[in-house]
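For the record, the sequence lines run as chains A and B. For what it's worth, my numbering labels the leading residue of the first sequence as 287, then goes sequentially. For what it's worth, my numbering labels the leading residue of the second sequence as 10, then goes sequentially.
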Amino acid sequence: MIFPWRRLRQQGVLGINQRNADYILPFNPRHHYPLVDDKRRTKQLALAAGIAVPKLYGVVEMVHQIKHLDKLLGPHEDFVIKPAHGSGGEGILVVNGRYQGRYRKASGVILSAEEIGHHIANILSGMYSLGGLPDTALIEYRVKFDPLFEAVSYLGVPDIRTLVYRGIPALAMIRLPTRLSDGRANLHQGAIGVGIDLVTGLTSAGVWQEHAIDRHPDTEGEIRNLRIPHWESILELAARCFDLVNLGYIGVDIVLDRDLGPMVLELNARPGLSIQLANKVGLQPRLQRIQRLSEIPSSAAERVALGKALL
Amino acid sequence: MKNLHIKVLALLLVMIGLGLAYYKVTRLGLPVLPAEQTEVWMVEARLAFEAKGGPVKVRFYIPSAPPGFTVVGEDFISSKYGLTTDDGGINRTAQWAVRRAEGKQVLYYRIELAPEIAPIKPPKEKVPSFPAAPDYPEPMGSVVQALLEEVRRKSADVASFSGELLARLNASNPTENVQILRKGIESEGAWVKQVIYILAGARIPARMVYILPLKGDISRSKLIPWLEVNNGREWLAFNPKTGSRGFPANALIWHVGDEPLLELEGGGSPKVEYSVSSRFQELVLVAEQRARQINSLIMDFSLFSLPVQTQNVYRVLLLIPIGTFLIVVLRNIVGIKTFGTFMPILIALAFRETDLLWGVAMFAGIVAIGLILRFYLEYLKLLLVPRLASVLVMVILLMAVISVLTHKMGLERGLSVALFPMVILTMTIERMSLVWEEHGPGEALQQGLGSLLVAILGYLLMANKLLEHLVFVFPELLLVVLAMTLLLGRYTGYRLTEIWRFKEFLRKMEMP
Chain A
287 MIFPWRRLRQ
297 QGVLGINQRN
307 ADYILPFNPR
317 HHYPLVDDKR
327 RTKQLALAAG
337 IAVPKLYGVV
347 EMVHQIKHLD
357 KLLGPHEDFV
367 IKPAHGSGGE
377 GILVVNGRYQ
387 GRYRKASGVI
397 LSAEEIGHHI
407 ANILSGMYSL
417 GGLPDTALIE
427 YRVKFDPLFE
437 AVSYLGVPDI
447 RTLVYRGIPA
457 LAMIRLPTRL
467 SDGRANLHQG
477 AIGVGIDLVT
487 GLTSAGVWQE
497 HAIDRHPDTE
507 GEIRNLRIPH
517 WESILELAAR
527 CFDLVNLGYI
537 GVDIVLDRDL
547 GPMVLELNAR
557 PGLSIQLANK
567 VGLQPRLQRI
577 QRLSEIPSSA
587 AERVALGKAL
597 L
Chain B
10 MKNLHIKVLA
20 LLLVMIGLGL
30 AYYKVTRLGL
40 PVLPAEQTEV
50 WMVEARLAFE
60 AKGGPVKVRF
70 YIPSAPPGFT
80 VVGEDFISSK
90 YGLTTDDGGI
100 NRTAQWAVRR
110 AEGKQVLYYR
120 IELAPEIAPI
130 KPPKEKVPSF
140 PAAPDYPEPM
150 GSVVQALLEE
160 VRRKSADVAS
170 FSGELLARLN
180 ASNPTENVQI
190 LRKGIESEGA
200 WVKQVIYILA
210 GARIPARMVY
220 ILPLKGDISR
230 SKLIPWLEVN
240 NGREWLAFNP
250 KTGSRGFPAN
260 ALIWHVGDEP
270 LLELEGGGSP
280 KVEYSVSSRF
290 QELVLVAEQR
300 ARQINSLIMD
310 FSLFSLPVQT
320 QNVYRVLLLI
330 PIGTFLIVVL
340 RNIVGIKTFG
350 TFMPILIALA
360 FRETDLLWGV
370 AMFAGIVAIG
380 LILRFYLEYL
390 KLLLVPRLAS
400 VLVMVILLMA
410 VISVLTHKMG
420 LERGLSVALF
430 PMVILTMTIE
440 RMSLVWEEHG
450 PGEALQQGLG
460 SLLVAILGYL
470 LMANKLLEHL
480 VFVFPELLLV
490 VLAMTLLLGR
500 YTGYRLTEIW
510 RFKEFLRKME
520 MP
């Protein structure tokens with residue numbers, strides 16, 4: 287009988303203590319955190335570097351601005367409201383249409399302007415921000431996802447999480463929203479994680495609520511062997527984000543818009559470990575191979591090629 | 010590299026912590042277990058005499074660092090007399106003086122003694138020179154010579170010589186010679202002097218020692234003269250009346266030498282009486298006095314030097330690191346989720362005052378009612394800070410209601426609810442309701458029960474009397490806790506809950 291932790295070790299599974307001690311603490315200097323924790327700054331950095339991001343419609347910084355919300359939202363039929371310092375996908379409100387002057391949430395629930403205002407006020411008071419600090423609310427373009435994902439997502443936009451270590455993509459998964467996750471793409475909220483082969487961009491079996499699955503629980507769509515479109519450019523985009531923020535260990539969230547192509551949604555300085563479950567692969571061996579490299583190429587395309595070669 | 014640094018640091022901290030604690034246990038005799046007591050002897054010498062009306066001077070020998078004991082207290086009761094003490098090598102004297110005194114005078118000297126923990130090496134005494142053989146008067150001279158000659162043949166060294174000699178001198182059917190030597194000796198002191206006199210014939214240095222055996226409660230006891238002979242290296246004690254070696258158990262050496270213990274000028278009919286009583290005292294207090302006596306700075310700067318009220322605060326505060334260590338273990342090694350990092354420890358501290366069952370019941374009650382009220386507030390769509398404030402107000406009102414109701418029912422326990430950290434409770438309610446809304450009641454209850462479980466474990470740990478005693482008496486042990494916490498800070502192994510989380514990987518292994 288081998289102890290369970292020995293077996294996990296053998297499979298190279300990265301635990302949370304080790305992630306913190308060996309990767310996040312040494313490779314993610316604290317003073318770079320604001321670049322990724324503040325989604326507005328991330329957006330500005332990305333735009334300056336020519337990386338596609340969802341367009342920012344407006345920002346609400348103070349409670350009294352909520353009164354003029356209608357003016358801000360007027361020109362847009364659909365939009366997303368999110369806290370600038372949110373984490374774990376909390377506090378994100380997706381409006382995908384209007385109904386007689388009211389707003390329709392992605393789930394179909396109709397909200398009054400007042401309720402939207404209350405949600406924004408909650409964001410401003412820091413309900414969703416790290417450490418409960420006062421926050422700002424961002425209103426941005428609602429991504430219309432690629433038709434490929436029609437059959438495998440429920441009420442939300444799937445996003446592709448790529449783990450980038452020292453600028454080299456190490457592991458990727460696609461996160462599919464479910465009814466349980468209320469349209470959000472965070473695994474701990476009930477979204478599905480599906481592993482992606484870094485070389486081919488083909489999906490493998492997924493994990494949902496820590497169970498292996500191969501069909502979407504709500505839509506019954508087959509989640510295996512989907513070929514992610516624009517795979518090369520997605521990986522390159524992820525690799526370029528390393529240059530943006532100078533953090534050695536990040537999770538890059540990319541969405542595929544059916545018209546605008548891949549766009550960077552946000553970066554995460556403390557990416558979770560479920561990506562291992564989705565891929566059924568331990569992270570450790572890959573990270574160690576990347577760690578042993580003495581030199582990291584400066585071009586993102588070369589880094590992507592290196593990442594594939596190191597598998 | 011970093012790991013080595015931390016390991017060295019941790020080792021250093023452990024060594025300092027344990028070393029200090031070891032010193033305090035072995036040298037100062039601080040108890041490892043709570044409520045340990047030791048027997049403390051109180052010896053009182055009562056000096057009474059008649060003053061003649063003029064100036065009075067009294068010189069009295071008092072014990073000086075008696076071997077086998079630690080002096081934990083000493084005082085002189087001498088009303089109008091001026092007092093000086095003189096520490097002259099092996100013996101100490103107390104001198105009382107007054108310009109004018111008449112009639113019956115009583116002076117007291119009191120000393121409190123605790124058994125010694127670590128024998129302090131007696132200061133090296135000069136080896137006495139061999140006494141000149143005295144010129145004994147006849148017929149004593151020839152008797153002594155014959156006796157010494159006989160004893161010398163039957164002994165090997167000073168110790169056996171003295172033992173043999175004493176055995177002969179104390180024989181129950183003495184020879185004629187011994188009877189001559191015993192003649193005219195009435196007091197014990199005179200007898201010891203006689204033995205010393207005889208020993209001088211063999212050129213063996215000997216001296217008289219006054220001892221006071223401490224046993225039970227005795228009043229009007231007397232000092233007993235004892236005999237010590239020197240073998241060229243150390244003084245060996247002998248019972249002058251039996252010849253057996255050593256002092257009796259618990260003997261307090263009062264004075265060394267055969268001078269009269271009391272010298273009195275300007276008074277008459279002096280009388281000294283000794284009384285002994287024993288009682289049990291907290292070891293901690295004894296250790297404190299012991300430390301003062303051996304001039305140890307450690308107790309001067311210990312928590313015992315604080316006012317009692319502050320001491321009581323620290324009794325609780327020092328337990329918090331133990332609780333935080335528990336949190337570190339439960340979160341980083343086990344992986345239990347709680348609301349707020351140290352919230353369970355503050356709840357556990359409150360449990361200390363309320364008792365476990367009551368505490369858990371009241372905590373669960375307040376959080377449950379608070380949650381219901383919080384969900385009602387959700388409906389009102391309040392801003393975050395006013396909403397938190399409202400929950401806080403409601404929590405305090407709830408606590409007041411619980412206190413009043415339980416008091417009316419005659420349950421005094423309910424009053425202790427006031428010690429609950431209400432701000433922490435409020436934050437718990439708020440966060441629990443957020444988790445409830447965003448991740449469902451399952452997750453909220455799981456984290457709530459996790460917090461409660463950790464709080465209960467923390468309480469069980471922090472209510473431990475032994476632990477409380479240890480950290481208060483040996484706060485340096487917290488350095489050991491710090492060292493372990495530092496080491497856990499570099500723990501990169503899996504959390505126990507991760508084994509559950511990654512069980513898919515384990516399953517895959519079994520199938521190949």
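All residues carry an ideal CB built from backbone N, CA and C; glycine is no exception.
- Three or more pairs of CB atoms, one per stretch, sit closer than 8 Å, so the segment 480-491 of chain A contacts the segment 503-522 of chain A.
- For M413 (chain A), the chain B residues whose Cβ falls inside 7 Å of its Cβ are L393, in order along the chain.
- Judged by DSSP secondary structure, R293 (chain A) falls outside any beta strand (DSSP E) and instead within the alpha helix (DSSP H) spanning P290 to Q296.
- DSSP, reduced to helix, strand and coil, places H497 (chain A) within a strand of the structure shown.
- Looking only at A:N472, A:R384, A:G481 and A:L355, the smallest Cα-Cα distance to G394 (chain A) is reached by A:R384.
- By the beta-carbon neighbour count (other beta carbons within 10 angstroms, threshold 16), S88 (chain B) is exposed.
- Non-local C-beta neighbours of I302 (chain A) in its own chain, meaning closer than 7 Å and more than five positions away in sequence, comprise L559, ordered along the chain.
- Assigned with DSSP and collapsed to three states, M348 (chain A) falls in coil, not helix or strand.
- In the DSSP annotation of this structure, the continuous segment of the alpha helix (DSSP H) that includes A30 (chain B) starts and ends at K11 to T35.
- Measuring C-alpha to C-alpha distances from K391 (chain A) to each of A:I367, A:G375 and A:K341 identifies A:I367 as the nearest.
- When the Cα atoms are used, V480 (chain A) and E508 (chain A) turn out to be separated by approximately 11 Å.
- Within chain B, K390 have C-beta atoms less than 7 Å from the C-beta of H404 (chain A), given in sequence order.
- Counting along the chain, Y388 (chain B) sits inside the alpha helix (DSSP H) bounded by residues L365 to L389.
- Beta-bridge pairing by DSSP links Q104 (chain B) to B:R68 and B:T93.
- Residues of the segment 448-470 of chain A with a Cβ closer than 7 Å to any Cβ of chain B: none.
- In the structure shown, the three-state DSSP call for H264 (chain B) is strand.
- For the segment 404-426 of chain B, no residue has a beta-carbon sitting nearer than 9 Å to a beta-carbon of chain A.
- At the C-beta level, I207 (chain B) and W200 (chain B) stay beyond 8 Å of one another.
- Under the criterion of beta carbons closer than 8 Å, V265 (chain B) and R216 (chain B) qualify as touching, at roughly 6 Å.
- Residues of the segment 291-309 of chain A with a C-beta less than 7 Å from any C-beta of chain B: W291, R293, L294, Q297, V299, G301, I302, N303, Q304, A307 and D308, listed in chain order.
- Boundaries of the alpha helix (DSSP H) around D529 (chain A): W517 to V531.
- Looking at the backbone, the Cα of L397 (chain A) and that of R388 (chain A) are separated by about 6 Å.
- Taking 7 Å as the cut-off between beta carbons, the residues of the segment 489-504 of chain B near chain A are R499, Y500, T501, G502, Y503 and R504, in sequence order.
- Counting only Cβ-Cβ distances below 8 Å, H448 (chain B) has contacts in chain A at H474 and Q475, in chain order.
- Per DSSP, reduced to three states, the secondary structure at N303 (chain A) is helical.
- At least one CB atom of chain B sits nearer than 8 Å to the CB of A407 (chain A).
- With respect to chain A, the C-beta atom of I433 (chain B) has no partner C-beta closer than 8 Å.
- The C-beta distance from F431 (chain A) to R544 (chain A) rounds to 7 Å, short enough to meet the 8 Å contact threshold.
- E507 (chain B) reaches chain A at W291, L294, V299, G301, I302, N303 and L559, counting residues in chain order whose Cβ is nearer than 9 Å.
- When Cβ-Cβ separations below 8 Å define contact, E387 (chain B) makes no contact with chain A.
- Spanning the alpha carbons of E297 (chain B) and K33 (chain B) requires a straight line of approximately 10 Å.
- Of the other Cβ atoms in all chains shown, fewer than 16 fall within 10 Å of the Cβ of V410 (chain B); this residue is therefore exposed.
- Within chain B, the residues whose beta carbon sits less than 8 Å from that of V493 (chain A) are E513, listed in sequence order.
- Beta-bridge partners of E581 (chain A) (DSSP): none assigned.
- A Cβ of chain B is located within less than 8 Å of the beta carbon of A498 (chain A).
- Neighbours of N473 (chain B) across chain A, judged by C-beta separation under 7 Å, do not exist; the nearest C-beta is about 28 Å away.
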